[in-house]
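Residue numbers (our numbering), protein chains in the order written: chain A, -7 to 218; chain B, -7 to 218.
Worksheet for the structure shown next.
2 protein chains.
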Amino acid sequence: MLDSLPQTQTRADEAFDCLQTAIVKGELAPGEKIGELELCERFQLTRGPLREALGRLESRGLLVRRPHAGVKVVSVSAGELLELYRIREVMEGLAARQAAERMTDQEIADLQTTLDTHEAMIEQAQGQAYYQAEGDYDFHHRIATGSRNTKLAQMLLGDLYYMVRMYRYRLSTSAGRPHMALGEHRRIVEAIAQRDGELAEFLMKRHINAARRNIEQKIEEGLLTF
Amino acid sequence: MLDSLPQTQTRADEAFDCLQTAIVKGELAPGEKIGELELCERFQLTRGPLREALGRLESRGLLVRRPHAGVKVVSVSAGELLELYRIREVMEGLAARQAAERMTDQEIADLQTTLDTHEAMIEQAQGQAYYQAEGDYDFHHRIATGSRNTKLAQMLLGDLYYMVRMYRYRLSTSAGRPHMALGEHRRIVEAIAQRDGELAEFLMKRHINAARRNIEQKIEEGLLTF
DNA sequence: GGCCAAGAGATTGTTAACAAAACCGGCTTT
DNA sequence: AAAGCCGGTTTTGTTAACAATCTCTTGGCC
């Protein structure tokens, strides 16, 4: 039996997690110059571990750093969000294809169960946006890990998804089109269950492409501003 | 006029660069547990900046870290290298497509010039493997930046290429098939020059796919071992 | 009145010492 | 004899003080 989570997590790890979520949730304004001691007080730690966490965040592109001038949260634009979706399209397409080839039957069954509970939540239409988004992340998360492609999962889960979530919070836009997305998810899982990698890739690419165009449209309508 | 390179580079940056190249070139054995003080002496710096660099490298997947147990260079397998090429295939395909849409005419002209000098070097057949590899990196580098997709370029140049280079050094395999690769490069640039993004993507994917199968074949023949 | 320069203040980069946890040896115990 | 326990030693994680750099303000000059 394992005790919750290993407390062996270092202070720098905590700082990294706290800062990452803070940035993603928009608690730290983009472009804002943030001082180290300010962060130290905020997260109750000293500069050593903090700088280590800062380095990791910079390496992941969530912070930009100018020597001797401090760090600031990365500035984001609507165009860059769309570029992110282009990357997601090809990478998650690959993930879906490899997941179709490599996921265990049990994993696929779990994935279908996930969609069932997801569907129930949508139909109840309560807490719709939040659960929708969470369910969406869960879905894509499982497929990324199911690809059995270590680096691919690392890039998706460690880099891209956090970026996308950051934009999502900034845009304060719920995922939108919940029913349609669920149907697309169902079809992707179907393809995976049939071990049809080519189809799974095609459907996933189309799914993300549709999401991208949805955002694009909202931007053109002026509904999304920064 | 700018003075060579800004000396404003911090010690942690130096450590990061040194360590990265050391890992990539295989000077640090994979799976080897390396002590911090050992590295401090080696690169003539103290533990503060070193730890910052270590964090960045861990975040990029070149090191693995166990709390209180030290860092070790990431262990690599032949299978993971092939997985890397799968990722390259889709990402660089996207890069080629976007490069075809967005590169300036000047950039395209430069790219063609690069291939010319590259061809000359191959025909002289002296220092073939080295220049071949360098030219190959240069080619892919230009297309990645030419995509004008910030995050895409960041992921390719900052993560994937270093990984691939690491494997290359470990396998001590030259790129192989120099003439064929050059021809493929030429065709890709042609497609880009004609602003045919779809074709550029197709050709790039096929190019990387061919490289992957080349490696796969060598592995099966037992020519590549770890 | 606006621009440039110099200095004070603050902030970042770096270093060295301190505390805690993991590894390794030998010992005891079954 | 093998396995588990225990303490010393090494190494990592953390902290606090020091040094170098940048920024902002103030003053002077054009």
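Backbone N, C-alpha and C fix where the C-beta goes; we use that ideal spot for every residue, glycine too.
Here the structure is a predicted model, which means the values were calculated and not measured.
Counting contacts by CB-CB distance shorter than 8 Å, is residue i in contact with chain A?
i, result
"B/Ala4", "yes"
"B/Glu213", "no"
"B/Leu(-6)", "Annotation note: pLDDT 36 at B/Leu(-6) (below 50); position unreliable, coordinate value reported separately. Answer no: the Cβ-Cβ gap between B/Leu(-6) and chain A never drops below 8 Å."
Against residue i, what residues of chain A qualify as contacts under a CB-to-CB distance less than 8 Å, listed in chain order?
i, result
"B/Gln146", "Gly53"
Since residue i meets chain B, which of its residues come closer than 8 Å, beta carbon to beta carbon?
i, result
"A/Met196", "Result: empty, since nearest Cβ-Cβ is about 11 Å, beyond 8 Å."
"A/Leu83", "Here residue 83 of chain A is Met; the residue named in the question, Leu, does not match the sequence. Neighbours of A/Met83 on chain B, chain order: Ile79, Val82, Met83."
For a cutoff of 8 Å on Cβ pairs, would you count residue i as touching chain B?
i, result
"A/Gln1", "yes"
"A/Glu72", "yes"
"A/Ile79", "yes"
"A/Leu76", "yes"
"A/Arg162", "no"
"A/Arg43", "yes"
"A/Asp188", "no"
"A/Met155", "yes"
"A/Gly175", "no"
Taking C-beta pairs closer than 9 Å, name the residues in chain A that residue i reaches, listed in chain order.
i, result
"B/Asn201", "Under the 9 Å cutoff, chain A gives no residues; its nearest Cβ is about 12 Å from B/Asn201."
Mapping the DSSP letters down to three states, classify residue i as helix, strand or coil.
i, result
"B/Arg187", "coil"
"B/Val82", "helix"
"A/Leu49", "helix"
"B/Gly71", "helix"
"B/Val56", "strand"
"B/Gly138", "helix"
"A/Gly23", "coil"
"B/Val65", "strand"
"B/Lys197", "helix"
"B/Leu11", "helix"
"A/Gly214", "coil"
"B/Thr2", "coil"
"A/Gly175", "helix"
"A/Leu37", "coil"
"A/Lys17", "coil"
"A/Thr96", "coil"
"A/Arg204", "helix"
"A/Arg43", "helix"
Thinking C-beta only, is residue j closer than 8 Å to residue i?
i, j, result
"B/Ile200", "B/Ala192", "no"
"B/Met158", "B/Ile15", "yes"
"A/Met155", "B/Lys143", "yes"
"A/Ala31", "A/Leu42", "The question names Ala, but residue 31 of chain A is Leu in the sequence shown. Yes, they are a contact pair."
"A/Ala101", "A/Ile135", "no"
"B/Val65", "B/Ala21", "yes"
"B/Ile79", "A/Leu86", "yes"
"A/Ala70", "A/Leu37", "no"
"B/Gly138", "B/Met83", "no"
"A/Ala161", "A/Lys25", "Reading off the sequence shown, one finds Tyr at residue 161 of chain A, where the question assumed Ala. Result no, Cβ atoms of A/Tyr161 and A/Lys25 do not sit closer than 8 Å."
"B/Asp130", "B/Thr106", "yes"
"A/Glu50", "A/Arg39", "no"
"B/Glu44", "B/Gly189", "no"
"B/His110", "B/Leu174", "yes"
"A/Gly53", "B/Gln146", "yes"
"B/Arg48", "A/Arg205", "no"
"B/Asn141", "A/Glu33", "no"
"B/Gln12", "A/Pro59", "no"
"A/Ile211", "A/Ala88", "no"
"B/Leu149", "B/Glu176", "no"
Just to make sure I have the definition right: I need the residues of chain B whose C-beta is within less than 9 Å of the C-beta of residue i. Which are they?
i, result
"A/Gly62", "Chain B residues near A/Gly62: none, gap ~13 Å exceeds 9 Å."
Determine the chain A residues that contact residue i at a beta-carbon separation under 7 Å, and present them in chain order.
i, result
"B/Arg48", "Gly47, Arg48, Ser51"
Using a Cβ-Cβ cut-off of less than 7 Å, list which residues of the stretch 122 to 144 of chain A approach chain B; keep chain order.
-> Asn141, Thr142, Lys143, Leu144
Could you name the residues of the stretch 87 to 110 of chain A whose beta carbon sits closer than 8 Å to any beta carbon of chain B, in the order they occur along the chain?
-> Gln90
What residues in the stretch 2 to 34 of chain B bring their beta carbon closer than 9 Å to a beta carbon of chain A?
-> Thr2, Ala4, Asp5, Phe8
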